[in-house]
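Trainee:
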Amino acid sequence: MINRHTLLPLALLLGATTLLQAQKTPIQITADLSDAPRKLYHADVDIPVKPGPVSLTTPKWIPGNHRPTGPVDQITGVVFTANGKVLPWRRDDEDLYQFHVTVPDGVTTLHAHLDCIVTARLSQKLAVLEWEKLLLYPANTPVKEIPIQPSVKVPEGWGIGTALTPTDGYDAQHPKGGTTHYATTNVEQLEDSPVITGEYFHEFALAPEVTPKHYIDVVADSPEDSQLRPVLLSELNNLVRETGAAYNARHYNVYHFLLTLSDVAGGEGLEHGQSSDNGVGEKGFSDAAHQLAESDLLSHEFTHSWNGKYRRPFNLYQDDFTKMQEGSLLWVYEGMTQYLGNVLAARSGLKSQEQYRDMLAASAANLDYKPGREWRSTEDTAIAASILRGGNPAWSNWKRGQDYYQEGELFWLDTDTTIRKLTDNKKSLTDFLHIFLGKGGNTGVPGQPAGWGGNTGPLIVTYNRDELIADLNQVAKYDWATFMHDHIDAINPHADLAGIEQGGYKLVYTDKPTKSARTIASTGGRRGGGIDAWYSIGIRVMADGDISDVRWNGPADKAKLFPGQKIIAVNGNIFSGDALKSAIKEAHSNAKTEPIHLILQGDTFVTTADLDYHDGERFPSLVRVDGTPDYLDDITKPLTTPEKAPAEKNDRDATE
Ligand SMILES: [Zn+2]
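Counting with this note's numbering, you get residues 7 to 662 for the letters of the sequence shown.
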């Protein structure tokens, strides 16, 4: 049964947008990124108005950020003019994102100029525009009902990547820079259509036989990095085809992966309906070893076009960016995307099946050793999403973070393997995805599941938990409501490892990290450096001895260590990673009575501590349980025929 929540908003959306856009004069906005190297973006905005008081706003709750991250604090140089005269304005006393202006008689267009100070996601050679930095539009109006025609100005010779439709013959293979005009859209869609631009720019077409068309646009800080490796392009071709098999209907008119490669522009992964804003280090995709840490980035953000952008939790969707986006279903929005992003990365060859298992082991172990789960449910990490992102790592294992990503991954793996178990591997989560991700559009396509609507353009079709349960029951009858309640709403002192076990594997701890863990460590990983002592003595410690977190109730906690301390010496030796590892090994091989002796600095005080720990180094991995169905490797096998990838020498991979 389909819940009313899903069908009503869609009908409203389809009717309202086309009608109102036809009637209204669009806002015109020109985003000027030509000063990007100096960390300034400018905009000129012409807003159709009537005389009298007008309230304009900039976005506050940014879809995909799950937080009120609109950069109103960085928006500066705001000047309103009409017929060449400057008009006074006043900020709203309660809603600091709103500007009030009184429009004089006879004026039909209000001009606004604004600047935004931008210190992230740009460098001397490239820039990313997420439109909340420059948007200004009538307040208290559904954003999909406000038509807007964008133009983008970039430095001479810089290329532009975006899913917006150019109207003046922009040529991605021979970019000239300057101003490019785009077709009229609405404020909701413009906010969902970022722009990347750069001096070293390349656009590559992917899986050219697939409709709608797919591209990857790359900007980099050095010319050689913007030329992606043939192997990577081949894996991305596979990814486009794999999404067709896994998700069936597509919900965009065109799709652009936007990728920045820069050590200064910062990391990013932000989903959009027709594109994704991806940022990695300069060498993030330069070889297979560096690629491993980023292997699910593009598949994760791409999956969001279906799960998150098209299908959206009813309480996460708001028709206006001033309203709070509620996170209680983020274990579906992000959690299922986390699962599918990793599975599709393996199916596409962006990582191997072994690498998939190694990284799943790391994620599952991290959750199983997260004491905060003793007081806080997975659902609470989702509800509290907007107050859990970032922050100091101190005691974060007791607090918990945005665990709905990885908890959701284990939940949907459990769901997938449960469906396989119930149906003797004849059905899987793919059957559910074909139903759930295909609804909306022109409902009732003959020969397709109930409510299936085929390919659509970018729409938002909302859902609730009842619909998930009904769709799962269409695939395999089970008490899915209780299953969800037990895993998501209830307190669970241990992680849900049932999916791994039903998949034919077991999470174990050995004295050696997996090959993938060593490969990631050899490239500096996503976060760089550090010694892995979490599952042994229970600390996260940087290469210089700084302790960033102490595992609640672990050996180090019992010895009263605390985050922010620095280890100065281990067993009489000055601290080094090797000295700490040797001490852990020694305490294991000796008579197991001698503790590990530490000298620590905390604030300006020096103390000593003895760690009574004798179990040696411990690192998580998955081992195959013989004689059980191997669903985990069935899940990560490609559904389509992979391309024969060009040969590539892989000299950065970790060796035994
Ligand atoms: Zn995500």
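All C-beta atoms in this analysis are idealised placements derived from N, C-alpha and C, irrespective of residue type, glycine included.
Is the CB-CB distance between Tyr-206 and Ala-226 below 8 Å?
Mentor: As a working mapping, residue 206 is identified with position 200 in the sequence shown. As a working mapping, residue 226 is identified with position 220 in the sequence shown. Cβ atoms of Tyr-206 and Ala-226: closer than 8 Å.
Trainee: Determine the direct distance from the alpha carbon of Tyr-143 to that of Lys-91, and round the result to whole angstroms.
Mentor: The residue given as residue 91 occupies position 85 in the sequence shown. The residue given as residue 143 occupies position 137 in the sequence shown. Taking the straight line joining both Cα atoms gives about 20 Å.
Trainee: Please check the pair Asp-555 and Trp-381, which I expect to be a contact at CB under 8 Å, by giving their CB distance rounded to whole angstroms.
Mentor: Here residue 555 refers to the residue found at position 549 when the sequence shown is read from its first residue. Here residue 381 refers to the residue found at position 375 when the sequence shown is read from its first residue. Actually they are not in contact, since the Cβ atoms of Asp-555 and Trp-381 sit about 17 Å apart, beyond 8 Å.
Trainee: Taking Gln-130 as the reference, give the member of Gly-204, Asp-52, Lys-159 with the closest Cα.
Mentor: Taking the sequence shown and counting its residues from 1, one reaches residue 130 at position 124. Comparing Cα-Cα distances from Gln-130 to each of Gly-204, Asp-52, Lys-159, the minimum goes to Gly-204.
Trainee: Could you pull out every unbroken beta strand (DSSP E) segment of at least 3 residues lying fully inside the segment 258-343, listed in chain order?
Mentor: At a cut-off of 3 residues, the continuous stretches assigned as beta strand (DSSP E) that sit fully inside the segment 258-343 are 260-267, 274-277, 281-286, 317-319.
Trainee: What I want to know is whether the C-beta of Thr-436 ends up closer than 7 Å to one or more non-hydrogen atoms of ligand 1.
Mentor: The residue labelled residue 436 in the question sits at position 430 within the sequence shown. Incorrect: Thr-436 has no Cβ contact closer than 7 Å to ligand 1.
Trainee: Determine, using beta-carbon pairs with one atom in the segment 272-287 and one in the segment 152-165, whether at least three such pairs fall under 8 Å.
Mentor: no
Trainee: From the DSSP output, in three-state form, read off Pro-236 for me.
Mentor: Reading the sequence shown from its first residue, position 230 is the one you call residue 236. Residue state, collapsed to three classes: helix.
Trainee: Leaving aside the five residues before and after Phe-625 along the sequence, list all residues of the same chain whose C-beta is less than 8 Å from its C-beta, in chain order.
Mentor: Taking the first residue of the sequence shown as position 1, residue 625 is located at position 619. Within the same chain, Phe-625 has close Cβ partners Tyr-515, Thr-516, Asp-517, Lys-518, Pro-519, Thr-520, Ala-523, Asp-538, Tyr-541.
Trainee: State whether the segment 285-304 contacts the segment 321-333, with contact taken as three or more CB pairs (one from each stretch) at a distance under 8 Å.
Mentor: no
Trainee: Would you check if the distance between the CB atom of Leu-264 and the CB atom of Lys-159 is smaller than 8 Å?
Mentor: Sequence index remark: in the sequence shown, residue 264 carries index 258 (1-based). Sequence index remark: in the sequence shown, residue 159 carries index 153 (1-based). Between Leu-264 and Lys-159, the CB-CB gap reaches or exceeds 8 Å.
Trainee: Taking all protein chains shown into account, decide if Ser-717 is buried (16 or more other Cβ within 10 angstroms of its Cβ) or exposed.
Mentor: Because the chain is modelled from 7 through 662, residue 717 falls outside the range shown and cannot be assessed.
Trainee: What are the start and end residues of the beta strand (DSSP E) that includes Trp-95?
Mentor: Along the sequence shown, read from residue 1 onward, the residue named residue 95 stands at position 89. Run containing Trp-95: 95-97, per the beta strand (DSSP E) assignment.
Trainee: Going by beta-carbon coordinates alone, are Val-547 and Ile-573 separated by less than 8 Å?
Mentor: Taking the sequence shown and counting its residues from 1, one reaches residue 547 at position 541. Taking the sequence shown and counting its residues from 1, one reaches residue 573 at position 567. Taking 8 Å as the Cβ cut-off, Val-547 and Ile-573 qualify as a contacting pair.
Trainee: Could you pull out every residue in the same chain whose Cβ sits closer than 7 Å to the Cβ of Thr-429, ignoring the five residues on either side in sequence?
Mentor: Position 423 of the sequence shown, counted from the start, is the residue given in the question as residue 429. Taken in chain order, the residues that qualify are Ala-482.
Trainee: Could you tell me the distance, in whole angstroms, from the CA atom of Gly-551 to the CA atom of Gly-622?
Mentor: Within the sequence shown, residue 551 is the residue found at index 545, counting from 1. Within the sequence shown, residue 622 is the residue found at index 616, counting from 1. Approximately 19 Å between the Cα atoms of the pair.
Trainee: Does the count of Cβ pairs from the segment 599-611 and the segment 639-649 closer than 8 Å reach three?
Mentor: no
Trainee: With distance defined between alpha-carbon atoms, name the residue in Glu-248, His-620, Leu-267 nearest to Pro-229.
Mentor: Counting from 1 along the sequence shown, the entry for residue 229 is found at position 223. The residue with the shortest Cα to Cα distance from Pro-229 is Leu-267.
Trainee: Ligand 1 and Thr-249: does any heavy atom of the ligand fall closer than 7 Å to the residue's C-beta?
Mentor: Translated into the one-based positions of the sequence shown, residue 249 becomes position 243. It does not: the Cβ of Thr-249 is nowhere closer than 7 Å to a heavy atom of ligand 1.
Trainee: Please list the terminal residues of the continuous alpha helix (DSSP H) segment that includes Pro-561.
Mentor: Here residue 561 corresponds to residue number 555 of the sequence shown, with the count starting at 1. Residues 561-564.
Trainee: Is it true that the CB of Gly-459 sits closer than 8 Å to the CB of Lys-445?
Mentor: Here the question's residue 445 lines up with position 439 in the sequence shown. Here the question's residue 459 lines up with position 453 in the sequence shown. Result yes, Cβ atoms of Lys-445 and Gly-459 sit closer than 8 Å.
Trainee: In angstroms, rounded to a whole number, what distance separates the CA positions of Ser-292 and Thr-468?
Mentor: For the purposes of this step, residue 292 is identified with residue 286 of the sequence shown, where counting begins at 1. For the purposes of this step, residue 468 is identified with residue 462 of the sequence shown, where counting begins at 1. Ser-292 and Thr-468: Cα-Cα distance of roughly 39 Å.
Trainee: I believe Leu-140 touches Ile-35 by the beta-carbon criterion, under 8 Å. Please report the beta-carbon distance rounded to the nearest angstrom.
Mentor: Numbered from its first residue, the sequence shown carries residue 140 at position 134. Numbered from its first residue, the sequence shown carries residue 35 at position 29. Rounded to the nearest angstrom, the Cβ distance from Leu-140 to Ile-35 is 7 Å, consistent with a contact under 8 Å.
Trainee: Can you give the Cα-Cα distance for Pro-77 and Asp-121, rounded to whole angstroms?
Mentor: The count along the sequence shown starts at 1 and reaches residue 77 at position 71. The count along the sequence shown starts at 1 and reaches residue 121 at position 115. Distance between the alpha carbons of Pro-77 and Asp-121 is about 11 Å.
Trainee: Among His-620, His-310, Glu-241, whose alpha-carbon lies nearest the alpha-carbon of Val-294?
Mentor: Position 288 of the sequence shown, counting from 1, holds the residue named residue 294. Correcting the residue type first, residue 294 is Ala in the shown sequence and not Val. Checking every option, the nearest Cα to that of Ala-294 belongs to Glu-241.
Trainee: May I ask whether a heavy atom of ligand 3 can be found less than 7 Å away from the beta carbon of Thr-75?
Mentor: Although ligand 3 was asked about, the structure shown includes only ligand 1 as ligands.
Trainee: How big is the Cα-Cα spacing for His-48 and His-187?
Mentor: For the purposes of this step, residue 48 is identified with residue 42 of the sequence shown, where counting begins at 1. For the purposes of this step, residue 187 is identified with residue 181 of the sequence shown, where counting begins at 1. Each residue's alpha carbon lies about 16 Å from the other.
Trainee: Answer with buried or exposed for Asn-146, where buried requires no fewer than 16 other C-beta atoms within 10 angstroms of its C-beta.
Mentor: As a working mapping, residue 146 is identified with position 140 in the sequence shown. That one is exposed.
Trainee: Using a Cβ-Cβ distance cut-off of 8 Å, determine whether Val-237 contacts chain D.
Mentor: Structure shown: chain D not included; a single protein chain is present.
Trainee: Short check: CB of Asn-313 to CB of Leu-443, under 8 Å?
Mentor: Along the sequence shown, one-based indexing puts residue 313 at 307. Along the sequence shown, one-based indexing puts residue 443 at 437. Yes, the Cβ-Cβ distance between Asn-313 and Leu-443 is below 8 Å.
Trainee: Please report the straight-line C-alpha distance between Lys-432 and Gln-480, rounded to a whole angstrom.
Mentor: Position 426 of the sequence shown, counted from the first residue, corresponds to residue 432. Position 474 of the sequence shown, counted from the first residue, corresponds to residue 480. Going from the Cα of Lys-432 to the Cα of Gln-480 covers about 14 Å.
Trainee: Is it right to say Gly-70 is buried, meaning 16 or more other beta carbons lie within 10 angstroms of its own, or is it exposed?
Mentor: The count along the sequence shown starts at 1 and reaches residue 70 at position 64. When all chains shown are included, Gly-70 counts as buried.
Trainee: Tell me the DSSP secondary structure of Asn-71 in three-state form.
Mentor: Working through the sequence shown from its first residue, we reach residue 71 at position 65. Reduced to three states, the DSSP call for Asn-71 is coil.
Trainee: Taking C-beta to C-beta, are Val-349 and Tyr-511 nearer than 8 Å?
Mentor: Position 343 of the sequence shown, counted from the first residue, corresponds to residue 349. Position 505 of the sequence shown, counted from the first residue, corresponds to residue 511. Not a contact, by the Cβ cut-off of 8 Å.
Trainee: Using C-beta distances below 8 Å, list every residue in its chain close to Trp-558, excluding the 5 sequence neighbours before and after it, in chain order.
Mentor: Numbered from 1 along the sequence shown, position 552 holds the residue referred to as residue 558. Here the set comprises Pro-377, Gly-378, Trp-401, Asn-403, Trp-404.
Trainee: At a cut-off of 7 Å, is Glu-277 close to ligand 1 when judged by its beta-carbon and the heavy atoms of the ligand?
Mentor: Looking up residue 277 in the sequence shown gives position 271. Checking every heavy atom of ligand 1 against the Cβ of Glu-277, one is found closer than 7 Å.
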